[in-house]
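Before any comments, here is the structure.
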Amino acid sequence: MRLLIMGPQGVGKGTQAAKLAEHFGIPAISTGDIFRYNLKNQTELGKQAQAFIDKGELVPDELTNSIVKDRLAMDDAQGGWILDGYPRNASQVEALDTMLEELGTPLDAVVALDADHDVLMERMMKRAEIEGRADDTPEVIAKRLEVYAAETAPLLNIYADRGVLVKINGVGDIDAIQANIVAELTK
Ligand code: ADP
1 MRLLIMGPQG
11 VGKGTQAAKL
21 AEHFGIPAIS
31 TGDIFRYNLK
41 NQTELGKQAQ
51 AFIDKGELVP
61 DELTNSIVKD
71 RLAMDDAQGG
81 WILDGYPRNA
91 SQVEALDTML
101 EELGTPLDAV
111 VALDADHDVL
121 MERMMKRAEI
131 EGRADDTPEV
141 IAKRLEVYAA
151 ETAPLLNIYA
161 DRGVLVKING
171 VGDIDAIQAN
181 IVAELTK
């Protein structure tokens, strides 16, 4: 299984990605998590990405594409994966297309989770309290949602045109949403 999970901030991508990873026995790969790990450990990559993440902007494509390429080349990714938080703009879609062509492994499906704006804001504010992520301030959250609407949401049309888009309602019981995704994917 090679999957993307897409949707706005707060829709539950990370939660559902972890469950799908367990269900299918594949790694969940989150570009956000990779960046946060590198920030925490103050690696060269972390230092380069910090200013962008702090502002809620996208990290430059060159940097992001290369970390995904490296991650997909690792041993545990040979039998499939689920990508969370990538691609986020049209140029990343192109880069991923090229990577997958080189690897000879097409995408199986793109899971698009959705929820109303109010639900998203509420969940993000709650997460901010619990996790204390530095980029979960109201201003930076608003910026991330703006970037999502402008650059990432339009990508869903690309995958819909390719016939691989699976739309799922992200509101409801976590396990019920998961069951819904699995049912759609194994149809
Ligand atoms: P959220 O979905 O709440 O925005 P993520 O963990 O997915 O959180 O991303 C956090 C930050 O990491 C983003 O605001 C962005 O700066 C950076 N980032 C993550 N994925 C990408 C990507 N594909 N391209 C560029 N920047 C990214």
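Position 62 (the sequence shown) corresponds to 62 in full-length UniProt numbering; numbering is contiguous.
Ideal Cβ positions, reconstructed from N, Cα and C, are used throughout, including at glycine.
Owing to the predicted nature of the structure, the values given are computational and were not obtained by experimental measurement.
*Determine the contact status of residue 188 and Val-147, defining contact as a CB-CB distance below 9 Å.*
Lying outside 1 to 187, the shown extent of the chain, residue 188 is not represented and no answer is given.
*How far does the beta strand (DSSP E) with Val-111 in it reach, from first residue to last?*
For the purposes of this step, residue 111 is identified with residue 111 of the sequence shown, where counting begins at 1. First-last of the beta strand (DSSP E) with Val-111: 109 to 114.
*Identify which residue in Leu-185, Phe-24 and Glu-129 has its Cα closest to the Cα of Ala-112.*
Along the sequence shown, one-based indexing puts residue 112 at 112. Cα-wise, what sits closest to Ala-112 is Leu-185.
*Just mark Gln-16 as buried or exposed, buried being the case when its beta carbon has 16 or more other beta carbons within 10 Å.*
Working through the sequence shown from its first residue, we reach residue 16 at position 16. Buried is the call here.
*List the endpoints of the continuous alpha helix (DSSP H) containing Val-147.*
Indexing the sequence shown from 1 puts residue 147 at position 147. Here the alpha helix (DSSP H) through Val-147 covers 138 to 147.
_Classify Ala-73: buried if its beta carbon has 16 or more other beta carbons within 10 angstroms, exposed otherwise._
By 1-based counting over the sequence shown, the position of residue 73 is 73. Exposed is the call here.
*Sequence-distant residues of its chain with Cβ nearer than 8 Å to Gln-178 (five each side left out)*: Mapped onto the sequence shown, residue 178 falls at position 178. The answer, listed in chain order, is Gln-16, Lys-19, Leu-20 and His-23.
*What residue from Gly-10, Ala-183 and Arg-162 has the CA that sits closest to Asp-84's CA?*
Within the sequence shown, the letter at position 84 stands for residue 84. Minimum Cα distance to Asp-84 is reached at Gly-10.
_Given a cut-off of 9 Å on the beta-carbon distance, is the pair Val-110 and Val-164 in contact?_
Indexing the sequence shown from 1 puts residue 110 at position 110. Indexing the sequence shown from 1 puts residue 164 at position 164. Contact flag set, yes.
*Report yes if the C-beta of Tyr-37 is less than 8 Å from at least one heavy atom of the ligand ADP; otherwise report no.*
Position 37 of the sequence shown, counted from the start, is the residue given in the question as residue 37. No - the ligand ADP has no heavy atom lying nearer than 8 Å to the Cβ of Tyr-37.
*Which of the three DSSP states, helix, strand or coil, is assigned to Lys-69?*
Counting from 1 along the sequence shown, the entry for residue 69 is found at position 69. Three-state result, Lys-69: helix.
*Select from Ala-149, Ala-77, Gly-46 and Lys-40 the residue whose C-alpha is nearest the C-alpha of Leu-63.*
Indexing the sequence shown from 1 puts residue 63 at position 63. The option with the nearest alpha carbon to Leu-63 is Gly-46.
*Could you check how far apart the C-beta atoms of Asn-41 and Asp-114 are, in whole angstroms? I think they sit under 8 Å.*
In the sequence shown, the residue the question calls residue 41 occupies position 41. In the sequence shown, the residue the question calls residue 114 occupies position 114. Contact flag wrong, Cβ pair sits at about 34 Å.
_8 Å CB neighbourhood of Ile-174 in its chain, flanking five on each side removed_ = Within the sequence shown, residue 174 is the residue found at index 174, counting from 1. Closer than 8 Å at the Cβ level, and outside the excluded window around Ile-174, lie Gly-12, Thr-15, Gln-16 and Lys-19.
*Taking Cβ to Cβ, would you say Arg-2 is nearer than 9 Å to Thr-105?*
By 1-based counting over the sequence shown, the position of residue 2 is 2. By 1-based counting over the sequence shown, the position of residue 105 is 105. Yes, Cβ-Cβ distance for Arg-2 and Thr-105 is below 9 Å.
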